[in-house]
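Novice:
Chains as they are written, first to last, in the numbering used here: chain A, 156 to 527; chain B, 7 to 597.
1. Cα separation between residue 199 of chain A and residue 459 of chain A?
2. Which of the three DSSP states, helix, strand or coil, is assigned to residue 329 of chain A?
3. The alpha helix (DSSP H) spanning residue 419 of chain A covers which residue range?
4. Which whole-angstrom value is the C-beta distance of residue 239 of chain A and residue 253 of chain A, which I expect to be below 8 Å?
5. CA-CA distance, residue 287 of chain B and residue 15 of chain B?
6. Which residues bound the beta strand (DSSP E) around residue 266 of chain A?
7. Quick one: any contact between the region 500-518 of chain B and the region 370-381 of chain B, if contact means 3 or more CB pairs under 8 Å?
8. Closest to residue 404 of chain A by CA distance: which of A:451, A:369 and A:387 is it?
9. If we ignore side chains and look at the alpha-carbon of each, how far apart do residue 444 of chain A and residue 372 of chain A end up?
10. Below 6 Å CB to CB, which residues in the same chain sit around residue 174 of chain A once its five sequence neighbours on both sides are set aside?
11. Is it buried or exposed for residue 453 of chain B, if we count other Cβ within 10 angstroms and need 16 for buried?
12. Look at the alpha carbon of residue 563 of chain B and the alpha carbon of residue 421 of chain B, and state the distance between them as a whole number of angstroms.
13. Return the residue from the list A:466, A:421, A:353 and A:497 that minimises the CA-CA distance to residue 393 of chain A.
14. Sort B:279, B:589 and B:21 by Cα distance to residue 293 of chain B and report the nearest one.
15. Can you confirm whether residue 461 of chain A, when its beta carbon is compared against all beta carbons of chain B, has any partner nearer than 7 Å?
16. Scan the region 500-532 of chain B for residues whose Cβ lies nearer than 8 Å to a Cβ of chain A and list them as they occur along the chain.
17. Residue 402 of chain B lies in the beta strand (DSSP E); which residues open and close that run?
18. Grab me the residues of residue 411 of chain B's own chain with a C-beta within less than 8 Å of its C-beta, minus the 5 sequence neighbours each way, in chain order.
19. Could you compute how far the alpha carbon of residue 573 of chain B sits from the alpha carbon of residue 581 of chain B?
20. For residue 547 of chain B, does the count of other Cβ atoms within 10 angstroms reach 16, so buried, or fall short, so exposed?
21. For residue 238 of chain A, which three-state DSSP category applies?
22. Measure from the alpha carbon of residue 307 of chain A to the alpha carbon of each residue in A:250, A:315, A:319 and A:290, then state which is nearest.
23. When the Cα atoms are used, what is the spatial distance from residue 346 of chain A to residue 202 of chain A?
24. Starting from the N-terminal side, write out each stretch of the alpha helix (DSSP H) that is 4 residues or longer and does not extend beyond the region 500-541 of chain B.
25. At a Cβ threshold of 7 Å, is residue 292 of chain A touching chain B?
26. Tell me whether residue 256 of chain A is buried or exposed, calling it buried when 16 or more other Cβ atoms sit within 10 Å of its Cβ.
27. Would you say residue 45 of chain B and residue 69 of chain B are within 7 Å of each other, going by their C-beta atoms?
28. Enumerated in chain order, which unbroken segments of the alpha helix (DSSP H) with a length of 4 residues or greater are wholly contained in the region 160-242 of chain B?
29. Is the region 166-173 of chain B in contact with the region 400-418 of chain B, if contact means three or more CB pairs nearer than 8 Å?
30. Quick one: Cα of residue 159 of chain A to Cα of residue 185 of chain A, how far?
31. I'd like to know whether the C-beta of residue 301 of chain A is nearer than 7 Å to at least one C-beta of chain B.
32. Going by DSSP, name the residue or residues bridged to residue 56 of chain B.
33. Who are the Cβ neighbours of residue 178 of chain A in its own chain at under 8 Å, not counting the five residues just before and after it?
34. So, do the region 173-184 of chain B and the region 27-44 of chain B have three or more beta carbon pairs nearer to each other than 8 Å?
35. Mark residue 389 of chain B as exposed unless 16 or more other C-beta atoms lie within 10 angstroms of its C-beta, in which case mark it buried.
Right under this line is the structure:
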């Protein structure tokens with residue numbers, strides 16, 4: 156008999172961010188799973204409509220921020236469900252009720268990053284322990300789960316992120332003319348890029364330290380500029396502007412504002428090097444996107460970035476708190492003029508390991524294991 | 007890594023023969039080369055046997071003379087920062103003709119005198135003959151990784167890397183009458199005691215100079231190690247561990263001969279392997295021991311690390327019959343009595359078979375980061391100090407060992423802490439079994455070197471106990487003689503000078519306050535270590551020794567005392583180490 160899978164998540168389309176990216180790919184994978192093997196359906200607490208680029212066939216119910224209603228709906232639906240996949244620890248309450256009322260339903264919990272890197276409240280710890288399987292996007296997050304919440308590591312399976320199937324992978328590494336023009340750059344300008352939400356409430360991405368490292372970098376690479384791409388709030392914009400003035404690098408920083416999906420790949424192509432010296436990445440899919448577009452990458456050595464960059468095989472891992480390491484690593488990369496061959500080679504490796512088809516395979520294998 | 011020996015003895019009739027006797031009694035520890043230095047006028051001789059690991063050429067021959075020819079050195083160990091020192095010395099005008107660390111020590115001594123020892127980051131025991139000052143200088147590393155035993159009075163001086171060298175020179179060297187009860191208490195001989203009368207271990211992190219011919223001695227400690235808190239936040243502590251340990255591993259991989267790693271599957275050896283992987287690349291070679299008894303198998307954890315690192319791993323099976331076959335050789339290799347060391351014997355034997363010359367070990371991590379159960383017990387055991395000392399003799403004869411252990415409370419707090427955790431017999435039983443009086447044994451106990459200048463209420467005192475009384479006196483000594491028996495150098499990155507100094511300066515409440523042992527180390531490297539490896543019951547480097555011991559034909563009980571203990575041990579009422587200690591204590595070679 157066909158097994159029934161229900162994916163219950165917070166948001167995939169009504170917000171942007173790493174977890175949303177993961178959810179979109181997860182939905183797309185469910186959408187493409189052979190319907191003769193699994194009967195899938197999805198349910199969102201925050202989304203209100205489906206996106207046909209990611210989902211054409213799977214039945215969808217969106218509760219448009221009516222969380223309690225969504226919880227009740229999941230509980231009801233769980234009686235007809237073999238595997239309930241919870242997309243976030245904040246949905247633990249639904250998992251807990253389902254586990255109590257309907258113990259036969261297998262519960263799979265997805266954990267991403269910072270949301271589980273602390274001692275969780277009782278109900279969340281309880282559902283983690285009661286879950287049949289916990290998926291963790293990185294070894295780092297897995298370790299944090301065990302260290303902070305004493306979860307049996309045997310229960311936690313590593314399930315890394317993937318390159319979004321909608322993500323445009325370039326065949327030629329050339330800086331897009333329209334972006335050079337938009338930002339007033341020359342073809343040979345050395346571009347350092349960070350692509351991230353710039354939020355005054357979340358300052359963990361480390362671009363402050365890249366700004367602080369810029370004076371040293373510019374001494375060695377005078378034509379370098381720092382493109383800070385991503386949606387910002389006004390408070391954060393003001394703070395970044397002040398920071399740049401403080402370091403006398405105002406003319407070296409470009410704030411792009413929100414980057415539409417269609418231009419994301421082009422922004423990576425613009426970059427000679429992509430850097431995000433964060434301490435709080437669950438996995439860091441942006442690094443893989445940057446490599447897929449031929450950029451050299453630099454990330455922090457203290458979080459899930461280490462998994463994404465395969466212990467340094469895909470890029471440079473540095474102490475994210477060290478301004479001197481940031482500047483020396485960026486100077487080395489900008490001065491090295493990395494060959495096209497190496498870039499292509501890395502691109503192929505990243506695609507090979509993190510391609511959507513691999514992700515789909517992993518998901519199918521996992522579901523087949525859990526459902527039985 | 008080598009073996010060294012030295013003699014100053016005006017009464018010797020054949021100094022050359024004497025130094026050769028001492029030197030070659032330790033031939034297993036220096037298979038690659040050998041040399042001696044005989045002073046043209048004085049009755050002074052130095053001997054050296056070499057295990058070549060850095061600069062394998064003949065340029066590394068020892069004893070080695072300084073550029074000016076006025077100093078001679080014999081050196082056992084490695085100076086891991088010798089390349090930095092070499093550069094510094096070159097800028098000061100020193101010229102080097104070899105690529106060895108030995109030559110760097112000589113130049114350092116010429117430049118900085120005895121202050122040079124504060125600059126070395128390494129494991130070593132050495133002797134320098136300083137002709138202009140007419141003095142011989144002995145020194146030993148900051149953690150006591152390499153041994154240096156000596157006997158000195160107002161006429162003669164003998165020193166060597168192993169106690170067996172003294173015995174080979176004078177087979178009738180008088181024995182230390184008090185070693186047996188100490189051994190039955192500790193499971194090893196605590197410094198300064200050895201099995202021979204007057205032969206002592208030079209304290210770690212210190213030098214001693216002996217002026218010839220006046221024999222005037224000077225001693226000084228050059229180790230700045232201590233537990234003064236300098237790191238007060240967890241973030242800083244994590245940063246220090248993340249920064250220094252990888253550098254330490256890199257330093258410990260400097261070699262011109264093949265270096266491998268012991269991979270038990272525990273936290274420490276796994277972490278070292280993961281950190282060594284990017285440095286060694288496809289030269290990463292690991293080895294482990296496996297047993298027929300499934301409950302000791304660590305294979306799945308080893309495999310996790312091998313899968314991540316692509317290490318060339320070799321696993322060797324050891325069973326009861328191997329133990330029986332090798333037992334005579336194990337006892338021969340055992341330079342000083344110990345209840346441990348058999349595991350090291352086998353793994354080093356196989357390391358040699360794999361063609362390795364040096365191997366990295368995870369030793370030291372449990373002491374530094376708080377891995378032993380003693381750290382968890384420490385807080386509660388503080389209350390035991392309220393136990394009335396007057397009652398301690400009453401409980402000593404109790405058949406319940408847990409209760410009887412309270413009798414240790416009447417000794418020095420450091421000794422009491424050690425014995426409560428690791429003591430084998432009570433003082434009364436040890437004296438009864440060996441026929442030595444309690445008075446004499448207690449006098450000997452008062453001479454045991456204990457860590458001083460430490461707050462006994464702080465968990466740091468537990469770390470100091472594990473570091474100085476357990477690791478230094480037992481683990482490091484055992485590792486040294488067992489590894490050298492097979493011509494293998496065991497390197498210990500967790501005892502890197504910079505790392506030890508940084509981690510000892512972390513506030514104890516940050517370092518030890520967790521229900522997960524070694525949580526600071528785990529958290530610092532949680533991007534690397536698979537959780538399965540550290541989130542499980544500690545197994546470490548354990549052997550199915552109890553069952554082998556029970557069945558061994560060669561180790562059957564002799565005499566009433568042994569029979570009693572054997573009966574209790576074989577019925578599961580007593581730990582194997584107590585019976586084994588009795589067997590070791592009666593060995594002819596130590597009597």
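A virtual CB, placed ideally from N, CA and C, is assigned to each residue, including glycine. Here the structure is a predicted model, which means the values were calculated and not measured.
Specialist: Checking against the coordinates, here is how it stands:
1. Working through the first chain from its first residue, we reach residue 199 of chain A at position 44. Working through the first chain from its first residue, we reach residue 459 of chain A at position 304. Between the alpha carbons of residue 199 of chain A and residue 459 of chain A lies a distance of about 26 Å.
2. Here the question's residue 329 of chain A lines up with position 174 in the first chain. If DSSP states are grouped into helix, strand and coil, residue 329 of chain A belongs with coil.
3. Start at 1 with the first residue of the first chain, and residue 419 of chain A comes out as number 264. Annotation: the continuous alpha helix (DSSP H) that includes residue 419 of chain A extends over 416-425.
4. Numbered from its first residue, the first chain carries residue 239 of chain A at position 84. Numbered from its first residue, the first chain carries residue 253 of chain A at position 98. That pair is a contact at about 6 Å.
5. Sequence index remark: in the second chain, residue 287 of chain B carries index 281 (1-based). Sequence index remark: in the second chain, residue 15 of chain B carries index 9 (1-based). When rounded, the distance between both Cα atoms is 51 Å.
6. Within the first chain, the letter at position 111 stands for residue 266 of chain A. Counted as a single uninterrupted DSSP element, the beta strand (DSSP E) harbouring residue 266 of chain A occupies residues 261-266.
7. Judged by pairs of C-beta atoms under 8 Å, the region 500-518 of chain B touches the region 370-381 of chain B, as three or more such pairs exist.
8. Locating residue 404 of chain A in the first chain gives position 249, counting from the first residue. Closest option to residue 404 of chain A, judged by alpha-carbon separation, among A:451, A:369 and A:387: A:369.
9. For the purposes of this step, residue 444 of chain A is taken as residue 289 along the first chain, with counting starting at 1. For the purposes of this step, residue 372 of chain A is taken as residue 217 along the first chain, with counting starting at 1. Distance between the alpha carbons of residue 444 of chain A and residue 372 of chain A is about 24 Å.
10. Residue numbering aside, residue 174 of chain A sits at position 19 when the first chain is read from its first letter. 267, listed in sequence order.
11. For the purposes of this step, residue 453 of chain B is taken as the residue at position 447 of the second chain. Residue burial is scored here from C-beta neighbours: residue 453 of chain B has fewer than 16 other C-beta atoms within 10 angstroms and is therefore classed as exposed.
12. Taking the second chain and counting its residues from 1, the one referred to as residue 563 of chain B is at position 557. Taking the second chain and counting its residues from 1, the one referred to as residue 421 of chain B is at position 415. Their backbone Cα atoms lie some 30 Å apart in a straight line.
13. The residue you call residue 393 of chain A lines up with position 238 of the first chain. Ranking A:466, A:421, A:353 and A:497 by Cα distance to residue 393 of chain A puts A:353 first.
14. As a working note, residue 293 of chain B is residue 287 in the second chain. The closest CA to that of residue 293 of chain B, considering only B:279, B:589 and B:21, is found on B:279.
15. Translated into the one-based positions of the first chain, residue 461 of chain A becomes position 306. At least one CB atom of chain B sits nearer than 7 Å to the CB of residue 461 of chain A.
16. Taking 8 Å as the Cβ-Cβ cut-off against chain A, the residues of the region 500-532 of chain B that qualify are 522, 525, 528, 529 and 532.
17. Residue 402 of chain B sits at position 396 when you count from the first residue of the second chain. Counting along the chain, residue 402 of chain B sits inside no beta strand (DSSP E), nor does DSSP assign it H or E at all.
18. By 1-based counting over the second chain, the position of residue 411 of chain B is 405. Closer than 8 Å at the Cβ level, and outside the excluded window around residue 411 of chain B, lie 425, 426, 429 and 432.
19. Within the second chain, numbered from 1, the residue matching residue 573 of chain B stands at position 567. Within the second chain, numbered from 1, the residue matching residue 581 of chain B stands at position 575. Between residue 573 of chain B and residue 581 of chain B, the C-alpha separation is close to 11 Å.
20. Here residue 547 of chain B refers to the residue found at position 541 when the second chain is read from its first residue. Its pLDDT being 45, under 50, residue 547 of chain B is placed unreliably in this model, and the value from its coordinates should be taken loosely. So residue 547 of chain B ends up on the buried side.
21. Locating residue 238 of chain A in the first chain gives position 83, counting from the first residue. It is a strand residue.
22. As a first step, residue 307 of chain A is located in the first chain; it is residue number 152 there, counting from the start. Checking every option, the nearest Cα to that of residue 307 of chain A belongs to A:290.
23. What you label residue 346 of chain A is simply residue 191 of the first chain in a count that begins at 1. What you label residue 202 of chain A is simply residue 47 of the first chain in a count that begins at 1. So the two alpha carbons sit approximately 36 Å from each other.
24. The qualifying runs are 503-510, 514-517, 525-530 and 537-540.
25. Locating residue 292 of chain A in the first chain gives position 137, counting from the first residue. Any Cβ of chain B closer than 7 Å to the Cβ of residue 292 of chain A would place that residue at the interface, and such an atom is absent.
26. Indexing the first chain from 1 puts residue 256 of chain A at position 101. Exposed: under 16 other Cβ atoms inside 10 Å.
27. As a first step, residue 45 of chain B is located in the second chain; it is residue number 39 there, counting from the start. As a first step, residue 69 of chain B is located in the second chain; it is residue number 63 there, counting from the start. Contact flag unset, no.
28. As far as the region 160-242 of chain B is concerned, its whole alpha helix (DSSP H) runs of at least 4 residues are 170-175 and 185-192.
29. Verdict: no, contact absent.
30. Here residue 159 of chain A refers to the residue found at position 4 of the first chain. Here residue 185 of chain A refers to the residue found at position 30 of the first chain. If you take the alpha carbons of residue 159 of chain A and residue 185 of chain A, they lie about 12 Å apart.
31. Indexing the first chain from 1 puts residue 301 of chain A at position 146. Yes, its Cβ sits closer than 7 Å to a Cβ of chain B.
32. Start at 1 with the first residue of the second chain, and residue 56 of chain B comes out as number 50. Paired residue(s): B:8 and B:39.
33. Translated into positions along the first chain, residue 178 of chain A becomes position 23. Beyond the five residues adjoining it in sequence on each side, residue 178 of chain A comes within less than 8 Å, by CB distance, of 164, 165, 166, 167 and 242 in the same chain, given in chain order.
34. Yes, since at least three Cβ pairs between the region 173-184 of chain B and the region 27-44 of chain B fall closer than 8 Å, the two stretches touch.
35. Locating residue 389 of chain B in the second chain gives position 383, counting from the first residue. Burial call: exposed.
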